[in-house]
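Comments concern the structure below.
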Amino acid sequence: AGIGVIGGSMTAKRTVLFYGLVTGVSLTLVLVFFPWFLQSIYWITSWMTSEPMIIQGAGGFSGFSNAVVARALSNGYTLFVILLSVLTLPCIGFFARYSNKFFPFSNLSPNEPHAQYLDFRVITTPSLALLQAGSELMRMAQVTHSMVSDCIGQLYDYSARKSKLISQKETMLDVVQKELSSYLVELARQPLAAEIAAEIPVILGAVDCFEGIGDCCESVQECLHRKKEENVFFSDAAMDELKALAGQVSCLMALAVEFLTDTELSTIDRAHALLKTIHVEGEALKANHLYRLSTGACTVLAGLLFMDMVAAFVRVADHALASIERGRVLHT
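Just so you know, the sequence shown maps onto residues 909 to 1240 in this note's numbering.
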């Protein structure tokens, strides 16, 4: 299990460590009480078979057939598994709550597929619960921004490791979207002040926007993976155009993250201007692509992948502006 988890998520590593800890405790108990453990195997095996068994002083059995040996070994393993289960099951809840505090590497990855700031115990304190929801929303925004940056980096230098990281971030966004949405729905059922009640649908909308950005980044990554696997080549002009468009989208994404903490109305004007530029560039890229396709400078498959990535980046920009617009509702 330890070898299999190499390169896995922090959750998998913590699970393996927990399993190893419980297994070690179980082995220690068996060794400390080994004579009683051996006697238990003797009793159970004697009850299940008709052949007599003799326990030697060295801790072995004599006077038995091969079938009885197999039965004794099976019973010994079964007893150990039962002991392991008895120790594991009562500790699962405790481990789930405190594993991130006990293991030194628990905070190394911000992409853990679960909410880090939400606590349903404070749901009856709406002001505090809303702060936690805001922190989780900011985490989603930062992860989506990093996904956009990772996708742009893939345009320059494709990396299978970064591809896996993008997929992990997308999984994290899907899980956090569900958890944060459930948290906000539960909060909406509490007696709320008008200001807090107005913020809940805005945050829910922003959550959907950032999750949508993650889906778009996943689409870009899938296109890049297919381009790599099928040895599809883009012309230098096409790559330069795509990189320029992606750079504009990254700037708009940065404004969306910035707007969560600095709600300057000038940011909205800049975002609208940037989105207009992105849409104009997107249409220009489509026209250039059709020209290259008609002249034979571009293959059909390359053209399809190119257009899918252009469309995905434009959708990222649309979602980013939508998140800004939702935030503006609270400040107008």
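Backbone N, C-alpha and C fix where the C-beta goes; we use that ideal spot for every residue, glycine too. Here the structure is a predicted model, which means the values were calculated and not measured.
Helix, strand or coil at residue i [DSSP, three-state]
i: Gln1139; result: According to the sequence provided, residue 1139 is Asn. The question's Gln does not apply to it. Coil.
i: Phe941; result: coil
i: His867; result: Here the chain comprises residues numbered 909 to 1240, so residue 867 is not present and cannot be evaluated.
i: Ala1101; result: coil
i: Ile1121; result: helix
i: Glu1191; result: helix
i: Asp1027; result: coil
i: Leu1229; result: helix
i: Glu1172; result: coil
i: Ala1152; result: helix
i: Thr1207; result: coil
Buried or exposed (CB count within 10 angstroms, at least 16 for buried), residue i
i: Met956; result: exposed
i: Phe941; result: exposed
i: Tyr1199; result: exposed
i: Val1208; result: exposed
i: Ala1181; result: exposed
i: Lys1135; result: buried
i: His1197; result: buried
i: Thr953; result: buried
i: Gln1098; result: exposed
8 Å Cβ cutoff met for residue i and residue j
i: Leu1153; j: Phe1221; result: yes
i: Val1218; j: Gly1190; result: yes
i: Leu935; j: Pro1034; result: no
i: Ser948; j: Leu987; result: yes
i: Ala1230; j: Cys1117; result: yes
i: Leu1038; j: Glu1138; result: no
i: Gln1076; j: Lys1070; result: no
i: Leu1092; j: Ile1111; result: yes
i: Leu1168; j: Arg1178; result: no
Every unbroken alpha helix (DSSP H) within the stretch 1032-1103, with a cutoff of 4 residues, ordered by chain: 1034-1064 and 1068-1096
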